[in-house]
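Using this note's numbering, the first residue of the sequence shown is number 92, and each one after it goes up by one. Note that CB positions come from ideal geometry on N, CA and C, so glycine has one too.
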Amino acid sequence: GPHRYAISSVGDGRIELTVPDATAFRTGAEVPVELVSPPGFSLPHDPSVPVVMLAEGVGVAAFLAFLQPRPDALLLAEGTVAASLLDGRVVDRVDDALREPSIAARLRDARTYVSGGATFARRVMDAAADAVGGRDALADLIVRRRYVQDVLPARSSPASVVDRSDLALHNDPKQRMWTAIGGRVYDL
Numbered sequence: 092g093p094h095r096y097a098i099s100s101v102g103d104g105r106i107e108l109t110v111p112d113a114t115a116f117r118t119g120a121e122v123p124v125e126l127v128s129p130p131g132f133s134l135p136h137d138p139s140v141p142v143v144m145l146a147e148g149v150g151v152a153a154f155l156a157f158l159q160p161r162p163d164a165l166l167l168a169e170g171t172v173a174a175s176l177l178d179g180r181v182v183d184r185v186d187d188a189l190r191e192p193s194i195a196a197r198l199r200d201a202r203t204y205v206s207g208g209a210t211f212a213r214r215v216m217d218a219a220a221d222a223v224g225g226r227d228a229l230a231d232l233i234v235r236r237r238y239v240q241d242v243l244p245a246r247s248s249p250a251s252v253v254d255r256s257d258l259a260l261h262n263d264p265k266q267r268m269w270t271a272i273g274g275r276v277y278d279l
């Protein structure tokens, strides 16, 4: 099936992608591309609205263009790919950083963007809920489009078979949430 990749730069008639495994492409090969913009994934029109960006791995590529017009934005990223794209400016775990009082305070007033894998997004969402005063407060931010996500599904092995009873057991946010869509199981 199709794969999602983050655009790292656009210009001179070229689109450069950030991919986790470049060996899947031949140098100079043409690759069919469909551009999809995640809903709500654009900077606020009002430059006084604080911006917080949270990324994992190649998810940081989505924010490289945001940094040019908003150098005041807070970007927290984790992973070795993020480190290579950001010259090493990363944290060990974004969710732990969100629990720091100074960062938690910024989340309450900011437009927050999350980009990365499903497991990362879940960890960050849990920490963001703690930081802003609970799940209801986070839900309010989501409804007001002050907390938006571009989440890639967790990778799964095509050979894996998940029994329906196992799927039914993974329906508790304190454990792990799974969902089945189109015959594939996603770890939310």
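Around the C-beta of residue 148, are 16 or more other C-beta atoms found within 10 angstroms, so that it is buried, or is it exposed?
-> Translated into the one-based positions of the sequence shown, residue 148 becomes position 57. Burial call: buried.
Locate the beta strand (DSSP E) running through residue 168, then write down its first and last residues.
-> As a first step, residue 168 must be located in the sequence shown, where it is residue number 77. Start and end: 165 to 169.
Backbone secondary structure at residue 250 - three-state DSSP = Residue mapping note: residue 250 aligns to position 159 of the sequence shown, counting from 1. Confidence is the limiting factor: at residue 250 the pLDDT is only 45, short of 50, which leaves the residue's position unreliable, though a coordinate-based value still follows. Three-state result, residue 250: coil.
Sort out for me which residues DSSP pairs residue 145 with in a bridge.
-> In the sequence shown, counting from the first residue as 1, residue 145 sits at position 54. 167 and 205, per the DSSP bridge assignment.
Distance between beta carbons of residue 154 and residue 193, contact taken as under 8 Å = For the purposes of this step, residue 193 is taken as residue 102 along the sequence shown, with counting starting at 1. For the purposes of this step, residue 154 is taken as residue 63 along the sequence shown, with counting starting at 1. At roughly 20 Å, the Cβ-Cβ gap does not stay under 8 Å, so residue 193 and residue 154 are not in contact.
DSSP state of residue 185, grouped into three classes?
-> For the purposes of this step, residue 185 is taken as the residue at position 94 of the sequence shown. Note: residue 185 maps to helix in three-state DSSP.
So, helix, strand or coil for residue 242, using DSSP?
-> Taking the first residue of the sequence shown as position 1, residue 242 is located at position 151. Of the three classes helix, strand and coil, the one that applies to residue 242 here is strand, per DSSP.
Taking Cβ positions, are residue 215 and residue 145 nearer each other than 8 Å?
-> Position 124 of the sequence shown, counting from 1, holds the residue named residue 215. Position 54 of the sequence shown, counting from 1, holds the residue named residue 145. Cβ atoms of residue 215 and residue 145: closer than 8 Å.
Are the beta-carbon atoms belonging to residue 190 and residue 222 less than 8 Å from one another?
-> Counting from one through the sequence shown, the residue named residue 190 turns up at place 99. Counting from one through the sequence shown, the residue named residue 222 turns up at place 131. Yes. Within cutoff.
Inter-residue Cα distance where the pair is residue 236 and residue 229 = Counting from one through the sequence shown, the residue named residue 236 turns up at place 145. Counting from one through the sequence shown, the residue named residue 229 turns up at place 138. C-alpha separation (whole angstroms): 10 Å.
DSSP state of residue 271 mapped onto helix, strand, coil | What you label residue 271 is simply residue 180 of the sequence shown in a count that begins at 1. If DSSP states are grouped into helix, strand and coil, residue 271 belongs with the strands.
Leaving out five residues before and five after residue 204 in sequence, what residues of the same chain have Cβ atoms less than 6 Å from its Cβ?
-> By 1-based counting over the sequence shown, the position of residue 204 is 113. Answer for residue 204: 144 and 239, listed in chain order.
Can you name, in chain order, every residue of its own chain whose Cβ lies under 6 Å from the Cβ of residue 170, other than the five neighbours on each side?
-> In the sequence shown, counting from the first residue as 1, residue 170 sits at position 79. 147 and 148.
Proximal residues to residue 218 (C-beta, below 7 Å), its chain only, five neighbours per side dropped = As a first step, residue 218 is located in the sequence shown; it is residue number 127 there, counting from the start. The residues are 186, 189 and 190.
Residue 154 - containing alpha helix (DSSP H), residue span | Counting from 1 along the sequence shown, the entry for residue 154 is found at position 63. Note, residue 154: alpha helix (DSSP H), 152 to 158.
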